[in-house]
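Below is one structure, written out as structure tokens; comments come after it.
Protein chains: 2
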Amino acid sequence: MPRDTEDERIYRADCPTRPILDQIGDKWSMMVLAVLVPAPRRFNAIKRQLEGITQRVLTQTLRKLERNGMVRRRVLGGSPPGVEYALTPLGRSLQEPFAVLYDWTLAHIDAIQKHQEAYDREAVAAARDSD
Amino acid sequence: MPRDTEDERIYRADCPTRPILDQIGDKWSMMVLAVLVPAPRRFNAIKRQLEGITQRVLTQTLRKLERNGMVRRRVLGGSPPGVEYALTPLGRSLQEPFAVLYDWTLAHIDAIQKHQEAYDREAVAAARDSD
DNA sequence: CGGTATCCCACATGATACTG
DNA sequence: CAGTATCATGTGGGATACCG
Numbered sequence: 001m002p003r004d005t006e007d008e009r010i011y012r013a014d015c016p017t018r019p020i021l022d023q024i025g026d027k028w029s030m031m032v033l034a035v036l037v038p039a040p041r042r043f044n045a046i047k048r049q050l051e052g053i054t055q056r057v058l059t060q061t062l063r064k065l066e067r068n069g070m071v072r073r074r075v076l077g078g079s080p081p082g083v084e085y086a087l088t089p090l091g092r093s094l095q096e097p098f099a100v101l102y103d104w105t106l107a108h109i110d111a112i113q114k115h116q117e118a119y120d121r122e123a124v125a126a127a128r129d130s131d
Numbered sequence: 001m002p003r004d005t006e007d008e009r010i011y012r013a014d015c016p017t018r019p020i021l022d023q024i025g026d027k028w029s030m031m032v033l034a035v036l037v038p039a040p041r042r043f044n045a046i047k048r049q050l051e052g053i054t055q056r057v058l059t060q061t062l063r064k065l066e067r068n069g070m071v072r073r074r075v076l077g078g079s080p081p082g083v084e085y086a087l088t089p090l091g092r093s094l095q096e097p098f099a100v101l102y103d104w105t106l107a108h109i110d111a112i113q114k115h116q117e118a119y120d121r122e123a124v125a126a127a128r129d130s131d
């Protein structure tokens, strides 16, 4: 959670940061950005690297990122023609906050899974007791 | 996005960090944790502070946080009886990664909104051109 | 190659009522 | 006070087909 500031909006669903945090927390945005970190890539190159994403969803995700100024879309002339997507400085600047969150997750994933298993065992035991 | 590691899983929807990131990215988890930073609180105290959340959703959110070991639930004896929720050390340790992300958003929200407006103006202009 | 156009569904969230 | 139960809904995401 954000640090405990005087800013009361952080407690409200209409905090202006919500739409932005919602997008970068969606299913694919973070991974699309990750794919573009090493170098710009073409549409189908991104799609191949993100096994499981559909064309429709990749298009939607790229459009939202472009609209936010995090990705730049460039039509390539030449043969074969194509479209290239690249990180903007704004998009690249997201790398650090995401890395902090990702590293936190990696550091605590084992502890979290142990908690989950313990919680689930308890739930099973409670259900048994109530029989 | 996570930094560019050798770990190929970061590109995959089945990366083991997904379920955790999905939860802490859900609509209310972050705000519930934020409310608990200054001090433990009772169910209805949390609910009052998060205007707009329903009882059902608050219960679900707290159960998931408890299951992950981020929040501890304590039944208070005495009169009136009640239930108190408190951050665990694990839950509190999320404060920093979240603050980094939140600060990034605050720092760039103006730039992002300008990009969005420019993008939307372009879309309107393109629609007009195609008439 | 890089998309749109349709259709569909699961699931997160919400509204409301009831309870130990 | 702290929930559960029930029902409703919007939308993010997926499947598939077609297009310039």
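Protein sequences, first through last, are from chains R and W.
Using full-length UniProt numbering, read the first sequence as starting at 1 and increasing by one per residue.
Using full-length UniProt numbering, read the second sequence as starting at 1 and increasing by one per residue.
Note that beta-carbon positions come from the ideal geometry of N, C-alpha and C, so glycine has one too.
Being a predicted model, the structure only gives us computed values, none of them experimental.
Buried or exposed, going by whether 16 or more other CB atoms sit within 10 Å of the CB of Gly77 (chain R)?
Locating residue 77 (chain R) in the first sequence gives position 77, counting from the first residue. Result: exposed.
For Arg12 (chain R) and Gly91 (chain W), I'd like the C-alpha separation in whole angstroms.
Here residue 12 (chain R) refers to the residue found at position 12 when the first sequence is read from its first residue. Here residue 91 (chain W) refers to the residue found at position 91 when the second sequence is read from its first residue. Distance between the alpha carbons of Arg12 (chain R) and Gly91 (chain W) is about 20 angstroms.
Could you tell me the distance, in whole angstroms, from the CA atom of Thr59 (chain R) to the CA atom of Gly25 (chain R)?
Here the question's residue 59 (chain R) lines up with position 59 in the first sequence. Here the question's residue 25 (chain R) lines up with position 25 in the first sequence. One C-alpha to the other measures close to 17 angstroms.
Can you list, in chain order, the stretches of the alpha helix (DSSP H) that have 4 or more residues and sit fully within the UniProt domain "HTH hxlR-type" (15–113) of chain R?
Annotation: the UniProt domain "HTH hxlR-type" (15–113) of chain R contains the following complete segments of the alpha helix (DSSP H) (minimum length 4 residues), in chain order: 18–24, 29–36, 43–49, 55–67, 89–93.
Spatial neighbours of Cys15 (chain W) in its chain, beta-carbon cut-off 7 angstroms, leaving aside the 5 residues before and after
In the second sequence, residue 15 (chain W) corresponds to position 15, counting from 1. Same-chain partners within the cutoff: Arg9.
What did DSSP end up calling Phe126 (chain R) once you bin it into helix, strand or coil?
The residue given as residue 126 (chain R) occupies position 126 in the first sequence. Checking the displayed sequence, the identity of residue 126 (chain R) turns out to be Ala instead of Phe. Three-state result, Ala126 (chain R): helix.
I believe Thr61 (chain R) touches Ser93 (chain R) by the beta-carbon criterion, under 8 angstroms. Please report the beta-carbon distance rounded to the nearest angstrom.
Within the first sequence, numbered from 1, the residue matching residue 61 (chain R) stands at position 61. Within the first sequence, numbered from 1, the residue matching residue 93 (chain R) stands at position 93. About 19 angstroms separates the two Cβ atoms, so there is no contact after all.
What's the gap between the Cα of Val75 (chain R) and the Cα of Ile112 (chain W)?
Mapped onto the first sequence, residue 75 (chain R) falls at position 75. Mapped onto the second sequence, residue 112 (chain W) falls at position 112. For the pair Val75 (chain R) and Ile112 (chain W), the Cα-to-Cα distance works out to about 23 angstroms.
Compile a chain-ordered list of the residues in the segment 28–44 of chain R whose CB is closer than 7 angstroms to at least one CB of chain W.
So the list reads Met30, Met31, Leu33, Ala34, Val35, Val37, Pro38, given in the order they occur along the chain.
Would you call Arg56 (chain W) buried or exposed, if buried means 16 or more other Cβ atoms sit within 10 Å of its Cβ?
In the second sequence, residue 56 (chain W) corresponds to position 56, counting from 1. Arg56 (chain W) comes out exposed.
Which value, in whole angstroms, describes the spacing of the CA atoms of Ile53 (chain R) and Asn44 (chain R)?
For this step, residue 53 (chain R) is matched to residue 53 along the first sequence. For this step, residue 44 (chain R) is matched to residue 44 along the first sequence. Straight-line Cα distance between these residues: approximately 11 angstroms.
Would Gln60 (chain R) pass as an interface residue toward chain W - the criterion being a Cβ-Cβ separation below 8 angstroms?
On the first sequence, residue 60 (chain R) is found 60 positions in, with the first residue counted as 1. Gln60 (chain R) does not count as touching chain W.
Nearest chain W C-beta to Val100 (chain R) closer than 8 angstroms, yes or no?
Here residue 100 (chain R) corresponds to residue number 100 of the first sequence, with the count starting at 1. Yes, its Cβ sits closer than 8 angstroms to a Cβ of chain W.
Which same chain residues end up closer than 8 angstroms to Leu36 (chain R) when comparing Cβ atoms and leaving out the 5 residues on each side of it in sequence?
Looking up residue 36 (chain R) in the first sequence gives position 36. Excluding five sequence positions before and after Leu36 (chain R), the CB atoms of its chain that fall closer than 8 angstroms to its own CB belong to Ile46, Val71, Tyr85, Ala86, Leu87, Gly91, given in chain order.
Go ahead and pull the three-state DSSP assignment for Ala13 (chain W).
Within the second sequence, numbered from 1, the residue matching residue 13 (chain W) stands at position 13. If DSSP states are grouped into helix, strand and coil, Ala13 (chain W) belongs with coil.
Could you give the distance in angstroms between the alpha-carbon of Thr17 (chain W) and the alpha-carbon of Leu106 (chain R)?
Within the second sequence, numbered from 1, the residue matching residue 17 (chain W) stands at position 17. Within the first sequence, numbered from 1, the residue matching residue 106 (chain R) stands at position 106. Straight through space, the alpha carbons of Leu106 (chain R) and Thr17 (chain W) are spaced by roughly 7 angstroms.
Anything in chain R within Cβ reach of Ala13 (chain W), meaning under 7 angstroms, just list it in chain order.
Numbered from 1 along the second sequence, position 13 holds the residue referred to as residue 13 (chain W). Contact annotation for Ala13 (chain W) against chain R: Gly52 [CB-CB distance below 7 angstroms, chain order].
Between Leu106 (chain W) and chain R, is the shortest Cβ-Cβ distance under 8 angstroms, so that the two count as touching?
Indexing the second sequence from 1 puts residue 106 (chain W) at position 106. Residue-level contact check: Leu106 (chain W) touches chain R, since one or more beta carbons of chain R fall below 8 angstroms from its beta carbon.
Rounded C-alpha distance that separates Arg67 (chain R) from Asp110 (chain R):
The count along the first sequence starts at 1 and reaches residue 67 (chain R) at position 67. The count along the first sequence starts at 1 and reaches residue 110 (chain R) at position 110. One C-alpha to the other measures close to 37 angstroms.
Beta-carbon gap between Pro97 (chain R) and Trp104 (chain W) smaller than 8 angstroms
Position 97 of the first sequence, counted from the first residue, corresponds to residue 97 (chain R). Position 104 of the second sequence, counted from the first residue, corresponds to residue 104 (chain W). Contact flag set, yes.
When we look at the beta-carbon of Lys114 (chain W) and count the other beta-carbons within 10 Å, is it buried (16 or more) or exposed?
Along the second sequence, one-based indexing puts residue 114 (chain W) at 114. Around the beta-carbon of Lys114 (chain W), fewer than 16 other beta-carbon atoms lie within 10 Å, marking it exposed.
Below 8 angstroms on the Cβ atoms is my guess for Gln23 (chain W) versus Lys64 (chain W); work out the distance and round it to an integer in Å.
Here residue 23 (chain W) corresponds to residue number 23 of the second sequence, with the count starting at 1. Here residue 64 (chain W) corresponds to residue number 64 of the second sequence, with the count starting at 1. That belief holds up - the Cβ atoms of Gln23 (chain W) and Lys64 (chain W) are roughly 6 angstroms apart, short of 8 angstroms.
Applying a beta-carbon distance threshold of less than 7 angstroms, which residues of chain R neighbour Ala111 (chain W)?
Working through the second sequence from its first residue, we reach residue 111 (chain W) at position 111. Within chain R, the residues whose beta carbon sits less than 7 angstroms from that of Ala111 (chain W) are Gly69, Leu90, listed in sequence order.
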